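Protein sequence lines correspond, in order, to chains A and B. In this text, residue positions in the first sequence follow the working numbering: the first is 18, and each later residue adds one. In this text, residue positions in the second sequence follow the working numbering: the first is 18, and each later residue adds one. Cβ coordinates follow ideal geometry from the N, Cα and C atoms, glycine included. Computed from a predicted model, the values in this text were never measured in an experiment. Only one structure is covered here, and it is reproduced in the block below.
Number of protein chains: 2
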Amino acid sequence: MPAEKKHKGPIMFPKATLERLKLYHTLLQEEKNEYISSDEIARKLSIKPEQVRKDITYLDYSGKPKVGYHVSSLLDTLDELFGTKVTDNIIIVGAGHLGKALANYDGFENYGISVVAIFDNNPEKLGTYVGELVVLPLDDLGRVIRRFNVKIGTICVPGESAQKIADLLIKKGIKAIWNFAPVILEVPEGILVENEDIARSALTLKHLLDRTPTEKI
Amino acid sequence: MPAEKKHKGPIMFPKATLERLKLYHTLLQEEKNEYISSDEIARKLSIKPEQVRKDITYLDYSGKPKVGYHVSSLLDTLDELFGTKVTDNIIIVGAGHLGKALANYDGFENYGISVVAIFDNNPEKLGTYVGELVVLPLDDLGRVIRRFNVKIGTICVPGESAQKIADLLIKKGIKAIWNFAPVILEVPEGILVENEDIARSALTLKHLLDRTPTEKI
DNA sequence: TAGATTGTTAATCGATTAACAATC
DNA sequence: TAGATTGTTAATCGATTAACAATC
């Protein structure tokens, strides 16, 4: 059936809009007042108020003219959008400093993320505790993924082994990879990858910093 | 002097281009061959080859028709752009799990980042070691910033105290903030903020995952 | 030379902004 | 009601893509 373009179902958000919606989410969580205006949101994020209003039109939500947006119900709408009230079980592969920090990260609670296991093949780490979790061998991956219905796998291993781990995770049924390793992963179609290489993100900072006009002496 | 629009000096890159250039940087670091084509870069990143070529025109670099881009010299150009060969000293505030993981992160070496100090005001942490660094009290901030010419301050404290720490860092002379706390910071003009709230970045993953067509049963 | 690949210009597309209408 | 703020439409701007010229 051609000429059938607009179908019901998941609305696609412009990527930039989605990024801003995440920032609104953070901002609203901090907000103490009952209502907030597009002007105030914009000011705090250094963007334009019409941008904020436009972004919000993508949501199934309306503000009140003359009053602003009702903070808690806009937050509910965003929680719905991101699924933060639905808990997703995730696993972490790699019990190095970063893997351990993530396993212990308490910020996940508010976001519907629960770390159910951490894996490592280093015999010295196997069986040790990371918070309340015991470090498990990779052989247990499949079992844990099935048992906890895990869709998201977090990669915290060195770059050299990241692709191998990605392949393994996918083979064991993972649908999305949260990649903290400093490499570009190749994955089959349909598998999501979210890159989170921490050093790479510092590049933006370094780039902008170096270009800031030099101070007068 | 009006009508003077195009001035020499730092070229401004479109934000999206800059993001991709970071990915090219990562990709080229892994590349074993001497040359790489725009087609291959595009394939690995799931983008279009003309996008890659266009992005590269922003750089002071030319490829070779019929051959491709010379990997090591393109990498040099990108290193120059991001300043990865120039070491920036950074400090970390907050010696929790994440702060400690960052202090120990060995991926920074390749990116021209050196962690010179970690701070915390919790008396139980003061004086303890994080890798080779001793946890220092916030009172030492100014001294360390001056001594090591620190421009980048990393915030790894809980959301509640993040704004206070940001204010303090700026007062002590920091020019850029790398913010791992789950809040939006307000800073004076001229101060850079790079947000890196880890849980927030999981929102994208959750959002997309929830919208993936449900599997047939 | 022919062929492959880069580089560039023009066309298209999409996102942002401006202007203003709607609304409480 | 008047005024403030949202919501929407149209204009602008910028980024992506397509087409093709340049080049080795």
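Query raised in the report: At what residues does the alpha helix (DSSP H) containing Thr74/B begin and finish?
Result: If you number the second sequence from 1, residue 74/B lands on position 57. Pro66 to Thr74 is the extent of the alpha helix (DSSP H) around Thr74/B.
Query raised in the report: What first and last residue would you give for the alpha helix (DSSP H) that runs through Phe136/B?
Result: By one-based count along the second sequence, residue 136/B stands at place 119. That residue, Phe136/B, is in no alpha helix (DSSP H); its beta strand (DSSP E) goes Ile130 to Phe136.
Report task. Leaving out five residues on either side along the sequence, give the residues of the same chain with a beta carbon under 8 Å from the beta carbon of His87/A. Result -> Position 70 of the first sequence, counting from 1, holds the residue named residue 87/A. Correct list, in chain order: Glu51, Tyr52, Gly80 and Lys81.
Query raised in the report: Under the criterion of a Cβ to heavy atom distance below 7 Å, does Leu222/A qualify as lining the ligand NAD?
Result: With respect to small molecules bound, the structure shown includes none, and the ligand NAD cannot be examined in it.
Report task. Starting from the beta carbon of Ser218/B, find every residue of chain A whose beta carbon is closer than 7 Å, and list them in chain order. Result -> Your numbering for residue 218/B matches position 201 in the second sequence. Chain-ordered, the chain A residues with CB closer than 7 Å to the CB of Ser218/B read Glu211 and Glu213.
Query - Runs of alpha helix (DSSP H) wholly within the region 96–134 of chain A (minimum 4 residues, chain order) - result: 114–121
Query raised in the report: Do we get a CB-CB distance below 8 Å when we pair Tyr128/A with the residues of chain B?
Result: Translated into positions along the first sequence, residue 128/A becomes position 111. Yes - at least one Cβ of chain B is within 8 Å of the one on Tyr128/A.
**Report entry** Delimiting residues of the alpha helix (DSSP H) encompassing Thr145/A
**Finding:** As a first step, residue 145/A is located in the first sequence; it is residue number 128 there, counting from the start. Where Thr145/A is concerned, there is no enclosing alpha helix (DSSP H), given that its DSSP letter is neither H nor E.
Requested in this report: Output the distance between the C-alpha atoms of Ile162/A and Gly207/B, rounded to the nearest integer angstrom.
Outcome: Numbered from its first residue, the first sequence carries residue 162/A at position 145. Numbered from its first residue, the second sequence carries residue 207/B at position 190. The straight-line gap from Cα to Cα measures roughly 47 Å.
Query raised in the report: Is it right to say Glu223/A is buried, meaning 16 or more other beta carbons lie within 10 angstroms of its own, or is it exposed?
Result: Taking the first residue of the first sequence as 1, we reach residue 223/A at position 206. Just to set this straight, residue 223/A is Lys in the shown sequence, not Glu. With 16 or more other Cβ atoms within 10 Å, it is buried.
Query raised in the report: Could you give the distance in angstroms between the alpha-carbon of Lys65/A and the alpha-carbon of Glu149/B?
Result: Translated into the one-based positions of the first sequence, residue 65/A becomes position 48. Translated into the one-based positions of the second sequence, residue 149/B becomes position 132. The straight-line gap from Cα to Cα measures roughly 45 Å.
**Report entry** Interface residues of chain B facing Pro205/A [CB-CB closer than 7 Å]
**Finding:** If you number the first sequence from 1, residue 205/A lands on position 188. Those within 7 Å of Pro205/A in chain B number zero; the least Cβ separation is about 12 Å.
Requested in this report: Kindly say whether Leu43/A, judged by its beta-carbon, lies nearer than 8 Å to any beta-carbon of chain B.
Outcome: Here the question's residue 43/A lines up with position 26 in the first sequence. The question names Leu, but residue 43/A is Thr in the sequence shown. Output row for Thr43/A: interface = yes.
Query raised in the report: Does the region 172–192 of chain A come close enough to the region 92–104 of chain B that 3 or more CB-CB pairs lie under 8 Å?
Result: no
Query raised in the report: Alpha carbon to alpha carbon, how far is Val69/B from Gln180/A?
Result: As a working mapping, residue 69/B is identified with position 52 in the second sequence. As a working mapping, residue 180/A is identified with position 163 in the first sequence. Rounded to whole angstroms, Val69/B to Gln180/A spans 23 Å at the Cα level.
Report task. State the Cα-Cα distance for the pair Ile172/B and Glu48/B, rounded to the nearest angstrom. Result -> As a position in the second sequence, residue 172/B is number 155, starting the count at 1. As a position in the second sequence, residue 48/B is number 31, starting the count at 1. Roughly 33 Å between the two C-alpha positions.
Requested in this report: Quick one: using the 10 Å Cβ neighbour count with 16 as the cut-off for buried, is Asn139/B buried or exposed?
Outcome: In the second sequence, residue 139/B corresponds to position 122, counting from 1. Exposed, since its Cβ has fewer than 16 Cβ neighbours within 10 Å.
Requested in this report: Output yes if chain A places a C-beta closer than 8 Å to the C-beta of Leu98/B; else output no.
Outcome: Within the second sequence, residue 98/B is the residue found at index 81, counting from 1. Yes - at least one Cβ of chain A is within 8 Å of the one on Leu98/B.
Query raised in the report: Would you say Val152/A and Leu158/A are within 8 Å of each other, going by their C-beta atoms?
Result: Residue numbering aside, residue 152/A sits at position 135 when the first sequence is read from its first letter. Residue numbering aside, residue 158/A sits at position 141 when the first sequence is read from its first letter. It is not a contact, given that the beta carbons lie outside the stated cut-off.
Query raised in the report: Could you give the distance in angstroms between the alpha-carbon of His42/B and the alpha-carbon of Glu67/B?
Result: Within the second sequence, residue 42/B is the residue found at index 25, counting from 1. Within the second sequence, residue 67/B is the residue found at index 50, counting from 1. C-alpha separation (whole angstroms): 18 Å.
Query raised in the report: Ends of the beta strand (DSSP E) at Leu153/A?
Result: Here residue 153/A corresponds to residue number 136 of the first sequence, with the count starting at 1. Judged by DSSP secondary structure, Leu153/A falls within the beta strand (DSSP E) whose first and last residues are Leu150 to Leu153.
Query raised in the report: Ala219/A to Trp195/B, Cα distance in whole Å?
Result: Within the first sequence, residue 219/A is the residue found at index 202, counting from 1. Within the second sequence, residue 195/B is the residue found at index 178, counting from 1. Rounded to the nearest angstrom, the two C-alpha atoms are 8 Å apart.
Query raised in the report: Which residues in chain B sit within 7 Å of Pro199/A, going by Cβ to Cβ distance?
Result: Numbered from 1 along the first sequence, position 182 holds the residue referred to as residue 199/A. At a beta-carbon threshold of 7 Å, the residues of chain B lying near Pro199/A are Thr43 and Gly124, ordered along the chain.
**Report entry** N-terminal and C-terminal residue of the alpha helix (DSSP H) that Val161/A is part of
**Finding:** Within the first sequence, residue 161/A is the residue found at index 144, counting from 1. It spans Leu158 to Arg164 - the alpha helix (DSSP H) in which Val161/A sits, taken as one unbroken run.
Query raised in the report: For Thr229/B, which three-state DSSP category applies?
Result: The residue you call residue 229/B lines up with position 212 of the second sequence. Residue placement at Thr229/B is flagged as unreliable, the pLDDT there being 49, under the threshold of 50; the coordinate-derived value follows with that caveat. Coil, per DSSP.
Requested in this report: Work out the CA separation of Glu57/A and Tyr146/B for me, nearest whole Å.
Outcome: Counting from one through the second sequence, the residue named residue 146/B turns up at place 129. Counting from one through the first sequence, the residue named residue 57/A turns up at place 40. Tyr146/B and Glu57/A: Cα-Cα distance of roughly 43 Å.
Query raised in the report: Should Lys83/A be labelled buried (16 or more other beta-carbon atoms within 10 Å of its own) or exposed?
Result: Locating residue 83/A in the first sequence gives position 66, counting from the first residue. Per the 10 Å Cβ criterion, exposed.
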